[in-house]
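Reviewing the structure listed below.
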Amino acid sequence: MTMSITRTGSVAVVSIDNPPVNALSQQLRADLLEAVRQLDADDAVKAVVLVCAGRTFMAGADVGELGRPPQPPHLPAVVAGIEGARKPWVAAIHGSALGGGLEVALGCAYRVAAASASLGLPEVKLGIIPGAGGTVRLPRLVGPAAAVDLVTSGSPVGAARARELGLVDAVIDGDLRTGAIALARDIADKPAPQPISSRPVPAVEAGFWERAEQAVAARARQELAPLRALASLRNASMTDFAGAMAYERATFLELRDSAQAAALRHVFFAERAAPRPPELAGVTPRDIRSAAVVGGGTMGAGIAAALRDASLPVVLVERDAEAVERGLAGIRAIFEASVKRGRMTAEMAAERMAGIVGSEDYGRLAETDLVVEAVFEDMAVKRAVFGRLSDACRPDAVLATNTSYLDPNRIGDGLARPERFLGLHFFSPAHVMKLLEIVPADATEPQVLATGFALARLLGKIPVRAGICEGFIGNRILKATRAQAERLLLAGATPSAVDAAMRAFGLPMGPLEAQDLGGLDIAAFQRKAARARGEAPFAPIADRLCAAGRLGQKAGGGWYDYADGDRRPSPSDRVAEIIANEASGRDRLHWDERSIADAIVLPMVSEGAAILDEKIALRSADIDLVQIHGYGFPRWRGGLMHHALVRGLRDVVDGLERLSSQGLAAPPSRALIRAAAAGAFDDP
Ligand code: NAI
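Written out as structure tokens, the structure reads:
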């Protein structure tokens, strides 16, 4: 039973109960139409309240039906049925009214919401547009400008804002159901409002749609759905209701079957699966009520800010008083920037800072539940820090390292009770980036691993379990990316051409400008350590840039020149000269965007396949999440490995063999060749 009907006087209450989120399953759609039929036939009923049990109103489509042909009754018919009912329906919204849920509410004569409710049409985030009148009714109710914001961003609005927009008729402070029933009684004898479908779309000033198109195109980059949603809204403002509905439905059906929607659905499911690794089923994490960070540099400050954003009290430990002050200043700067961007008030920033204690004294960590180490990337320094943490912390405190490349097993092996130690690899800036690689060491016990996942949830991060190898998942692939960028330069491509091609592919930044932003020194330091171990890392040009002091933006130059105070890269004659020197005697090839992107992306796939094969990543979708949330790989491509599958693994192997025969890439990994033969990655 997903629905029940009760009466209070002349008001019927239709209660939906389809846990966990009252998704609009086929059964629920049929039930809603049946309720309309029954209540229309019941003369004792004067008005209807539609309310949901559990934590939310209808929060959207049934994800189990995503990507499958929907079964009748279809949602547009359900919404039309409610709108055409002989009794006025009142939607009583708590939690989230999202997607189809909001479209159902738009079919109702009235909408009331709890103060904590949020309402939105997030379809574009799944590569589709609303398919049951969202783009047609919404502009008729709230006007085109607000409708464009809501539909093309996919972001929800809170109840108060929804009231301002006219999206809801009232915000109910007390009990929602009681308030909705009171309103239903009130309106039962009044003339029904004009159905939204027969209202006109309010007029817009000249040029409105052209400006909206420019703004949406700039934001959407290569994502199709936001512009198609805009087109549907625009069409709805010029066409009659039936014509607008037909246009919306056709667009919805077309996008539903598109490659982008398939990719975005893949990412949606990957994100749902990532926080719940099967090995941790039934394992209860430890409580994390307080945290500490050792090392308050770039990463430590960001991690401390992220922990504070999750309301944990934080101790920041640094080497000396001066470094403590510097670390605290770094954290303060993060919150101040958030205030400037309007993301928090000055009071919130002050409250965040008040929850941080800076200290040089490890004695302050005696009661801390979780410590994240973010000191220099140096084995001896890190081991010394964990030695002190061993003495200072409670025996059950969880101890984590944020190392990028060092072996966590070696960092933690001197620890008393090494089972409470693990790697938690944040990405820079740590208070912004969603990815958290969770790296169990050999001794890490399941409960501690589960605590890493619980922490990710608390911080609003996407956790990905990674095994131990140099660079874990993300930075190991990054090494391949960077090596390929250098091979391209040696073979005649310019830095600007390499970066432009990767931006055209869908990344927010090319690999060389990204290095300039982050600084070339960290990778240089790591190459030095690798050479000390007898390895031969490949970065001939980056080595020359570092030797020349060109460490990136902060040094006024790296792969590009930067005029004083200007962060825009401009091509550098000096770099061109360095490249020409390194490349002397080699063939200069012709490169277009597609061939550059291939030379970078295909070797990344090859490395990804090896990572999966070595069980460094548990599933190919986890590699996709690492690429999307750690490195800006376009979400609409579904991530690196999904992209490779769509392209065809055979084609990827062929491309790599061509590149490698020209000396422009390593041959495809054995794991990739096997996957190509099987037509799929070896996923559990
Ligand atoms: P950083 O150089 O900005 O900061 C390191 C901080 O550690 C400095 O403030 C230093 O005073 C402090 N420190 C050094 N020895 C200490 C000790 N014995 N006790 C207390 N504090 C000490 O370095 P960054 O970039 O923040 O990196 C820190 C760690 O995070 C490294 O392991 C790095 O590999 C890793 N990491 C760095 C990323 C990045 O993009 N910068 C990304 C992810 C991880």
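For what it's worth, our numbering labels the leading residue of the sequence shown as 5, then goes sequentially. We put the beta carbon where it would ideally sit given N, CA and C, even for glycine.
The beta carbons of A567 and E490 sit about 25 Å from each other, so the pair does not count as a contact at 8 Å. Distances from the CB of R323 to the heavy atoms of ligand 1 include at least one below 7 Å. Residue range F425 to F430 is occupied by the beta strand (DSSP E) that includes F430. Of the heavy atoms belonging to ligand 1, at least one sits nearer than 7 Å to the Cβ of G331. Residue state for D565 is assigned as strand, using DSSP reduced to three classes.
Comparing alpha-carbon positions, the option among V605, R345, S241 and I360 lying closest to V298 turns out to be I360.
By the 16-neighbour rule on beta-carbons within 10 angstroms, S8 is exposed. Residues of the same chain with a CB within less than 7 Å of the CB of I191, apart from the 5 flanking positions on each side, are A51, P92 and Y114 in chain order. For A224 and E597, the gap between their C-alpha atoms comes out near 20 Å. Between G58 and P80, the C-beta spacing is not below 8 Å. One alpha carbon belongs to G553, the other to R290, and they sit about 46 Å apart.
For I477, the shortest separation between its Cβ and any heavy atom of ligand 1 does not lie below 7 Å.
Annotation for V436: G306 place their beta carbon closer than 8 Å to its own, counting only its chain and skipping 5 residues before and after. In the structure shown, P204 adopts coil according to DSSP, grouped into three states. In this structure F390 is in contact with L403, their Cβ atoms being roughly 7 Å apart against a cut-off of 8 Å.
In this structure, the C-beta of H633 stays at least 7 Å away from each heavy atom of ligand 1. I133 is not a Cβ neighbour of A278, given a cutoff of 8 Å. For G124, the uninterrupted beta strand (DSSP E) run begins and ends at S122 to G124, by DSSP. Taking a C-beta distance under 8 Å as the contact criterion, V208 and P148 qualify as a contact pair.
In the DSSP assignment, M7 falls within the beta strand (DSSP E) that extends over M7 to T12. Taken through DSSP and simplified to helix, strand or coil, G162 comes out as strand. Nearest in C-alpha terms to V605, of all of G560, A670 and D687, is A670. In the structure shown, E381 adopts coil according to DSSP, grouped into three states. Scanning its chain for C-beta atoms nearer than 7 Å, with the 5 sequence neighbours on each side dropped, one finds around M249 the residues P80, G137 and V140, in chain order. When C-alpha distances from P206 are compared across L511, P195 and V152, the shortest belongs to V152. By alpha-carbon distance to A308, the top candidate from A263, V343, R356 and E283 is R356. Non-local beta-carbon contacts of L644 in its own chain, meaning distances under 8 Å to residues more than five positions away in sequence, involve I481, V605, M608, V609, G612, I627, D628, Q631 and F637 in chain order. Scanning its chain for C-beta atoms nearer than 6 Å, with the 5 sequence neighbours on each side dropped, one finds around G111 the residues V83, I86 and E87, in chain order. One Cα belongs to A166, the other to V172, and the distance between them is close to 6 Å.
Take the alpha-carbon of T60 and the one of D46: they are about 28 Å apart. At the C-beta level, G634 and L653 stay beyond 8 Å of one another. According to the DSSP assignment, T156 belongs to the alpha helix (DSSP H) that extends over P148 to S157. Under the DSSP assignment, S363 falls outside any alpha helix (DSSP H), being part of the beta strand (DSSP E) whose first and last residues are I360 to S363. In this chain, V436 is not harboured by any beta strand (DSSP E), its DSSP state being neither H nor E. Cα atoms of A117 and R312: separation of roughly 31 Å, rounded to the nearest angstrom. Secondary structure at W595: coil, using DSSP grouped into helix, strand and coil.
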